[in-house]
Amino acid sequence: MKVLVTGSAGFIGSSLTQRLLARGDEVIGLDNLNDYYEVQLKRDRLAKLTPHENFTEAHIDLEDTDAVSALFKKYKPQRVVNLAAQAGVRYSLENPQSYINSNLTGFLNILEGCRHNKVEHLVYASSSSVYGANTNMPFSVHSNVDHPVSLYAASKKANELMAHNYSHIFNIPTTGLRFFTVYGPWGRPDMALFIFTRKILAGEPIDVFNYGKHRRDFTYIDDIIEGVIRTLDQVASPDQTWDGKNPDPATSKAPYRIYNIGSNNPVELLRYIEVLEECLGKKAEKNLLPLQPGDVPDTYADVDALVKDVDYKPSTKIEDGIANFVKWYRDYYKV
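Start counting the sequence shown at 739; every next residue gets the next number (the numbering used here).
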């Protein structure tokens, strides 16, 4: 297939692109290489992709309407995976406009590109953050998610609503994937595992929010990619049993689907740090702090819908995933 992957220099996007190229797909990779975190890491991810004859790099801002439209018209992708976004919960408190530009305007440009170029299937990144103030565990795609606690989460919820609108009016098959705390080699430097590793090795204290008591459904990068590919290959279709009197948020009479991709095994942050200490062979000095604005105490993915529809459930244990990350980190940074 010819697939457009946005955020192709990103953590998930670059890993997905590698997998698609390896199986013989042609990939157009869109990324603006912004400086939200170190650009060199993004360039190094891209360097693994650019030698491939089936990879085309497009250095474009997602919110550049004319450039995105021209890209769709030129390459006519059959399927699209939208992973480009302004990420991060806490950063949305500091720079809210960037979330509107990338996550809303940018996503609208993707939807319009799909609409006008007969794209067969749009798969897009949502987030476990949309569950917000929900405390009914595990988080189910069939539950209401109308109480986000960060602008980042609100922008991802908006993406799901926008996608449904385009599925309903224009019959565009769309699948939203709620990712749960992705980690692994080539990860993002703004995320906890990266920050903890750097500081522990440097002998610096680490900030541990909610006193380390909150739990996360940490999901290894390879598990995320497998879930993305399986859902990409299964084009969303209308749910013939959908009932407007008892509406299921996860499906629709339109070709629309929502899935969680998470490990289905929440781990307390203090245990996560303990495993990291074992892999590094060094203890952390912990600066215990309260829960931060915009954060939620726990995440826990119900993946029944993913198992039912695409026969997949993430399975990598944190002991293996963190060990793989530490090995990569030491090699990449020569530590």
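A virtual CB, placed ideally from N, CA and C, is assigned to each residue, including glycine. Treat the numbers as computed from the prediction; the structure is a model and nothing was measured.
Please say whether Val-857 and Gln-816 have beta carbons closer to each other than 8 Å? yes
Of the residues Trp-980, Ser-866, Ser-1001, His-790, the one placed nearest Gly-826, counting alpha carbons only: Gly-826 has its Cα closest to that of Ser-866, out of Trp-980, Ser-866, Ser-1001, His-790.
In this structure, does DSSP put Tyr-1050 in helix, strand or coil? coil
Please report the residue range of the alpha helix (DSSP H) in which Glu-858 lies. Element bounds for Glu-858: n/a, residue is neither H nor E.
Excluding the five sequence neighbours on either side, which residues of its own chain have a C-beta within less than 6 Å of the C-beta of Lys-740, listed in chain order? Glu-764, Pro-815, Gln-816
Tell me whether Arg-783 sits in a helix, a strand or coil according to DSSP, three-state version. helix
Between which two residues does the alpha helix (DSSP H) containing Asp-986 stretch? Neither: Asp-986 is in no alpha helix (DSSP H) and is coded neither H nor E.
Which of the three DSSP states, helix, strand or coil, is assigned to Ile-721? Nothing can be reported for residue 721: it is not among the residues displayed for the chain, which extend from 739 to 1073.
Compute the beta-carbon to beta-carbon distance between Gly-950 and Leu-1007, rounded to the nearest angstrom, for a pair I have assumed lies under 8 Å. 5 Å
Quick check on DSSP: helix, strand or coil for Asn-772? coil
Would you call the segment 782 to 796 and the segment 826 to 846 in contact, with 3 or more CB pairs under 8 Å? In short, these stretches do not touch, since the Cβ pair count stays below three.
Since Asn-772 and Glu-801 are thought to touch, with beta carbons under 8 Å apart, how far apart are those beta carbons, to the nearest angstrom? Not confirmed; about 11 Å, so no contact.
Presumed contact (8 Å Cβ cut-off) between Pro-987 and Ile-996, rounded CB distance: 7 Å
With 16 as the cutoff for other CB atoms within 10 Å, does Glu-964 come out buried or exposed? Its Cβ being crowded by 16 or more others within 10 Å, Glu-964 is buried.
Would you call the segment 912 to 932 and the segment 749 to 761 in contact, with 3 or more CB pairs under 8 Å? yes
Complete beta strand (DSSP E) runs within the segment 800 to 872 (minimum length 3 residues, chain order): Here the runs fully enclosed are 817 to 820, 859 to 865.
Provide the residue(s) that pair with Asp-1036 in DSSP beta bridges, ordered along the chain. Arg-953
Residues bridged to Val-743 (per DSSP): Gly-767, Val-819
Based on Cα-Cα distance, which residue from Glu-1057, Asn-909, Gly-762, Glu-1023 lies nearest to Pro-943? Glu-1023
Where does Gln-756 land, buried or exposed, given buried means 16+ other C-beta within 10 angstroms? buried
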